[in-house]
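J.: Start counting at 1 in the sequence shown, then tack on 961, and there's your number in my numbering. Positions of the beta carbon are idealized from the N, C-alpha and C atoms, including for glycine. The structure displayed is predicted, hence computed values, not measured ones. Before anything else, here's the structure in question.
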Amino acid sequence: MSATPTSDPEKKVEVFDEDDAVLAQLGYTQGNFGLVGMVGFSFSIVTSWTALSGVLIIGVETGGPPVMIWGWLATCIFTLAVAYSMAEMCSAYPLAGGQYSWVAILAPTSWARGFSYICGWFMLIGILAMGATNNFIATNFVLGTAQLNYGFTIERWHTVLCAYLITFIAMVSNIYCPHILNKLSKAILAWNMLSFVVCLATILATNDHKQSPEFVFSDFQNFTGWKPPYAVVLGLLQSAYGMCCYDAPAHMTEEIKNARKQAPRAIVMAVYMGFVTGFIWLIALSFCIGDLDATATTATGVPVIEILFNSTGSVAGASALTSMISVICLVASNSLMAEGSRSLYAFARDQGLPFSDLLSKVSSRSVPVYAVLLTGLVQIAFNSIYFGTVTGFNTIVAIATQGFYLSYAMPLLARIIAHFSGKKTRLEGPYSLGRYGIVLNIIGFLFLAFMCIIANFPSATPVDSENMNYTSAATGLIMLFSAIFWLTTGRTKFTGPESGHLLETDVSSDHSGLGENSYWEKSFRDSRWFTRGWTLQELIAPIHVDFFTREEERLVDKAEIRELIRNITGISLQVLQGTPVDQVSVEERFNWAKERRTKREEDESYSLLGIFDVQMPLIYGEGRSKAVRRLKNEIELAGRLRHRDRRTQYTPPKKQRLY
962 MSATPTSDPE KKVEVFDEDD AVLAQLGYTQ GNFGLVGMVG FSFSIVTSWT ALSGVLIIGV
1022 ETGGPPVMIW GWLATCIFTL AVAYSMAEMC SAYPLAGGQY SWVAILAPTS WARGFSYICG
1082 WFMLIGILAM GATNNFIATN FVLGTAQLNY GFTIERWHTV LCAYLITFIA MVSNIYCPHI
1142 LNKLSKAILA WNMLSFVVCL ATILATNDHK QSPEFVFSDF QNFTGWKPPY AVVLGLLQSA
1202 YGMCCYDAPA HMTEEIKNAR KQAPRAIVMA VYMGFVTGFI WLIALSFCIG DLDATATTAT
1262 GVPVIEILFN STGSVAGASA LTSMISVICL VASNSLMAEG SRSLYAFARD QGLPFSDLLS
1322 KVSSRSVPVY AVLLTGLVQI AFNSIYFGTV TGFNTIVAIA TQGFYLSYAM PLLARIIAHF
1382 SGKKTRLEGP YSLGRYGIVL NIIGFLFLAF MCIIANFPSA TPVDSENMNY TSAATGLIML
1442 FSAIFWLTTG RTKFTGPESG HLLETDVSSD HSGLGENSYW EKSFRDSRWF TRGWTLQELI
1502 APIHVDFFTR EEERLVDKAE IRELIRNITG ISLQVLQGTP VDQVSVEERF NWAKERRTKR
1562 EEDESYSLLG IFDVQMPLIY GEGRSKAVRR LKNEIELAGR LRHRDRRTQY TPPKKQRLY
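Written as structure tokens, this is what we have:
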């Protein structure tokens, strides 16, 4: 077995691996999530029918039911082009960074890092702003239910403080109970579907004053002051917000069984589920809605609660249905906290943020506490805007949508440019679109570009400081910040995602089938590559490793055979999944190399310099024992220096003794 050279920093290696363990440091084992669990996790974030309920006021004011229904249908059809494109990328490159990682791999080499850096910033802003938006939606349902029962006036500070509480609960659960995500996702998927059926059946059965089909499908209602075509375009923003965040499985691939197949399926299935449930729910609400003006100005602050109350004629009934929706929104807050902190952790690990070293640390509980805390603090900052102005929060809603859509568009654009510029970038995951991939990439990109443009349009006329859409200013500010950080630190520190490593094995293509006790496994175990000293670092350092047969056909990736590699080498799964080697004892690291040999006996020690992160002169001819002794001395010295640095970071002043 031999390794292909990958030392050229300008050379970008294509990787087609599965289940990259970027989140291994979070304490998760590979395969916590099955397909059902990940679909539940993804749909708990997308949850289109509840998201549409939370922003129903946009559709009511910008065209009414026809715009909501037909706009939703068109948006979802074009979204499927984006979802299929992203699913193909996720299958080939299942990286925790998601969009910005795909940009780094697919874009032309000369500007891949910079383009990836900007994409990462938009992705993070979108996720964090979406978390804050969902906290407000959950708050509105909770306070709206309370107002329906007790008749008090909802003040802004009520809303903000309740949003703070929801954020705090999500932070605590993500820090102390991360392993409940899979079970919670399965449970919320069942709860989501049950709530949908119950709410749908209840309002259709109890409402005895339904609207006519003409009102639902063709009676245009415009409260914006703009001309109808412009109002229709504005109405699409409700649909854009309702169909968002379906990239969640891409950030959680390390926790899915057979991620290269299941994560793409989860992306597409979440979109289809959101499409169907959202379409049916909008039609039902449109038939059951009462006076549009009264619905838009309801004292509860949530038009859907007004529709539920008018349909059932019962405070208790409406409260029960609203409570079911509230549970979904509260779980979505937890899921968005998980997705946001993982994305932030991945970007920080690639040195994409200020204080990246701190944000990429994990606690003794194997949780990225600092990433979770920062995610929560940013959400709180967004929520605080509501203290000053409602328009400011509406801008945050638009930023969330535009941030996601820009981050979705950038890898599609990178793929399109690569295709037409002749760059040979293969997407050889098991979920492949074949020749139709580039067509769907183009359709998806044009749709996203159009939605990003209209997200900046003002929503009412005449335009003044109170109703102005500040999304363009906020987007420009984000780009300015990312440019400043790129010029000051990002240009030199941002590493981008691991591009991978290619290893050519001595296994023949005729015997490359995976299976228990197969010839492939026996040949792999017997390979001399596992007995060579210099290959140890090649196996551990890259997170993404592709093995090829001696006929240069792709054989398997590191993620698929971690158990086998552990059995052969004795290297723990945590290290193979990406845990830094400095978290492993010196004795254990020496044991990894115990059975490995080199042509020169001194190289048995020299090949471990990278494993222990030390330096020393290479003195060939000194012999094995002296080389080992010098290596141990350097390791001991480095350990003392690190210990001294930790102790001297802060030295409290000594108290002076008075005589």
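#1: Inspect the beta-carbon positions of residue 1529 and residue 1328 and report whether they are closer than 8 Å.
#2: Just tell me which of 1138, 1077, 1011, 1224 has its CA closest to the CA of residue 1313.
#3: Return the chain-ordered list of same chain residues with a C-beta closer than 8 Å to the C-beta of residue 1333, the five sequence neighbours on each side being excluded.
#4: Run through DSSP, which three-state label would residue 1023 get?
#5: The alpha helix (DSSP H) with residue 1490 in it runs from where to where?
#6: Which one of 1160, 1177, 1567 has the shortest CA to CA distance from residue 1284?
#7: Grab me the residues of residue 1184's own chain with a C-beta within less than 6 Å of its C-beta, minus the 5 sequence neighbours each way, in chain order.
#8: How big is the Cα-Cα spacing for residue 1338 and residue 1085?
#9: Please report how far the alpha carbon of residue 1627 lies from the alpha carbon of residue 1053, in whole angstroms.
#10: Residue 991 by DSSP, collapsed to three states: which one?
#11: For residue 1406, collect the residues of the same chain with a Cβ closer than 7 Å to its Cβ; drop the 5 residues on either side in sequence, then sort them by chain order.
#12: Just how far apart, CA to CA, sit residue 1330 and residue 1559?
#13: When DSSP labels each residue in this structure, what does residue 1558 get in the three-state scheme?
#14: According to the Cβ coordinates, are residue 1099 and residue 1287 closer than 8 Å?
#15: Using 10 angstroms around the beta-carbon of residue 1071, count the other beta-carbons present and answer buried if the total reaches 16, otherwise exposed.
#16: Just to check my reading of the structure: residue 1004 and residue 1439 have Cβ atoms closer than 8 Å, yes? What is that Cβ distance to the nearest angstrom?
#17: Taking only the alpha-carbon atoms, compute the straight-line gap between residue 1348 and residue 1305 and give it to the nearest angstrom.
#18: What do you reckon, is the C-beta of residue 1447 under 7 Å from a heavy atom of the ligand GDP?
#19: So residue 1034 and residue 1240 are supposed to be a Cβ contact under 8 Å. How far apart are they, rounded?
#20: Does the pairing of the region 1258-1266 with the region 1173-1184 give three or more beta-carbon distances under 8 Å?
#21: Residue 1537 and residue 1550: beta carbons closer than 8 Å?
#22: Are residue 1317 and residue 1307 closer than 8 Å when you measure CB to CB?
#23: Just list the residues that DSSP pairs residue 1183 with in beta bridges.
#24: Beta-carbon within less than 6 Å of residue 1042's beta-carbon, same chain only, minus the 5 sequence neighbours each way: which residues are those?
#25: What is the DSSP secondary structure of residue 1603, reduced to helix, strand or coil?
#26: Between which two residues does the alpha helix (DSSP H) carrying residue 1170 extend?
#27: Buried or exposed: residue 1170, going by 16 or more other Cβ atoms within 10 Å of its Cβ?
#28: Assuming residue 1018 and residue 1257 make a contact with CB atoms under 8 Å, what is their CB distance in whole Å?
#29: Where does residue 1311 land, buried or exposed, given buried means 16+ other C-beta within 10 angstroms?
#30: Going straight from the alpha carbon of residue 1090 to that of residue 1494, what length do you get?
#31: Which of the three DSSP states, helix, strand or coil, is assigned to residue 1422?
#32: In the structure shown, what three-state DSSP assignment does residue 1145 receive?
#33: For the region 1056-1090, which segments carrying the alpha helix (DSSP H) assignment without a break, of at least 4 residues, lie completely within its bounds, in sequence order?
#34: Helix, strand or coil for residue 1392? Go by DSSP, reduced to three states.
#35: Once you ignore the five residues that flank residue 1024 on each side, which residues in its own chain have a CB closer than 7 Å to its CB?
T.: Once the coordinates are examined:
#1: If you number the sequence shown from 1, residue 1529 lands on position 568. If you number the sequence shown from 1, residue 1328 lands on position 367. No, the Cβ-Cβ distance between residue 1529 and residue 1328 is not below 8 Å.
#2: Within the sequence shown, the letter at position 352 stands for residue 1313. Among 1138, 1077, 1011, 1224, the Cα nearest to that of residue 1313 is on 1077.
#3: Along the sequence shown, read from residue 1 onward, the residue named residue 1333 stands at position 372. Same-chain partners within the cutoff: 1132, 1135, 1136, 1298, 1302.
#4: Indexing the sequence shown from 1 puts residue 1023 at position 62. Strand at residue 1023.
#5: Here the question's residue 1490 lines up with position 529 in the sequence shown. First-last for residue 1490: undefined, no H or E at that position.
#6: Along the sequence shown, one-based indexing puts residue 1284 at 323. The candidate whose alpha carbon is nearest that of residue 1284 is 1160.
#7: The residue given as residue 1184 occupies position 223 in the sequence shown. Contacts found: 1022.
#8: As a first step, residue 1338 must be located in the sequence shown, where it is residue number 377. As a first step, residue 1085 must be located in the sequence shown, where it is residue number 124. Straight-line Cα distance between these residues: approximately 13 Å.
#9: This structure leaves residue 1627 out entirely; the chain is present only between 962 and 1620.
#10: Taking the sequence shown and counting its residues from 1, the one referred to as residue 991 is at position 30. Its pLDDT being 45, under 50, residue 991 is placed unreliably by the model, and the measurement read from it follows with that caveat. Reduced to three states, the DSSP call for residue 991 is coil.
#11: Position 445 of the sequence shown, counted from the start, is the residue given in the question as residue 1406. If we look at residue 1406 and ignore the five residues flanking it on each side, its Cβ neighbours are 1370, 1373, 1374, 1377.
#12: Taking the sequence shown and counting its residues from 1, one reaches residue 1330 at position 369. Taking the sequence shown and counting its residues from 1, one reaches residue 1559 at position 598. Approximately 42 Å, taken between the alpha carbons.
#13: Along the sequence shown, one-based indexing puts residue 1558 at 597. Residue 1558: strand per DSSP, three-state reduction.
#14: As a working note, residue 1099 is residue 138 in the sequence shown. As a working note, residue 1287 is residue 326 in the sequence shown. Yes. Within cutoff.
#15: Along the sequence shown, read from residue 1 onward, the residue named residue 1071 stands at position 110. Exposed, since its Cβ has fewer than 16 Cβ neighbours within 10 Å.
#16: Numbered from 1 along the sequence shown, position 43 holds the residue referred to as residue 1004. Numbered from 1 along the sequence shown, position 478 holds the residue referred to as residue 1439. With 8 Å as the limit, residue 1004 and residue 1439 do not qualify as a contact, their Cβ atoms being about 28 Å apart.
#17: In the sequence shown, the residue the question calls residue 1348 occupies position 387. In the sequence shown, the residue the question calls residue 1305 occupies position 344. Distance between the alpha carbons of residue 1348 and residue 1305 is about 26 Å.
#18: Inclusion of the ligand GDP in the displayed structure is not the case, the ligand content being empty and no account of it being possible.
#19: The residue given as residue 1034 occupies position 73 in the sequence shown. The residue given as residue 1240 occupies position 279 in the sequence shown. Confirmed, about 7 Å.
#20: no
#21: As a first step, residue 1537 is located in the sequence shown; it is residue number 576 there, counting from the start. As a first step, residue 1550 is located in the sequence shown; it is residue number 589 there, counting from the start. It is not a contact, given that the beta carbons lie outside the stated cut-off.
#22: Locating residue 1317 in the sequence shown gives position 356, where the first residue counts as 1. Locating residue 1307 in the sequence shown gives position 346, where the first residue counts as 1. The answer is no: Cβ separation not under 8 Å.
#23: Sequence index remark: in the sequence shown, residue 1183 carries index 222 (1-based). Note: residue 1183 sits in a beta bridge opposite 1023.
#24: Translated into positions along the sequence shown, residue 1042 becomes position 81. So the list reads 1401, 1404, 1405, once near-sequence residues are dropped.
#25: Translated into the one-based positions of the sequence shown, residue 1603 becomes position 642. Reduced to three states, the DSSP call for residue 1603 is helix.
#26: As a working note, residue 1170 is residue 209 in the sequence shown. Note, residue 1170: premise wrong, no alpha helix (DSSP H); not H, not E.
#27: Within the sequence shown, residue 1170 is the residue found at index 209, counting from 1. Exposed.
#28: Along the sequence shown, read from residue 1 onward, the residue named residue 1018 stands at position 57. Along the sequence shown, read from residue 1 onward, the residue named residue 1257 stands at position 296. Residue 1018 to residue 1257, Cβ: 6 Å. Contact.
#29: As a working mapping, residue 1311 is identified with position 350 in the sequence shown. Flag for residue 1311 reads buried.
#30: In the sequence shown, the residue the question calls residue 1090 occupies position 129. In the sequence shown, the residue the question calls residue 1494 occupies position 533. Taking the straight line from one Cα to the other gives about 48 Å.
#31: Counted from its first residue, the sequence shown places residue 1422 at position 461. Residue 1422: coil per DSSP, three-state reduction.
#32: The residue you call residue 1145 lines up with position 184 of the sequence shown. If DSSP states are grouped into helix, strand and coil, residue 1145 belongs with the helices.
#33: 1060-1067
#34: To locate residue 1392, count along the sequence shown from 1; it is residue 431. Coil at residue 1392, not helix or strand.
#35: If you number the sequence shown from 1, residue 1024 lands on position 63. Contacts found: 1181, 1182, 1183, 1192, 1193, 1196.
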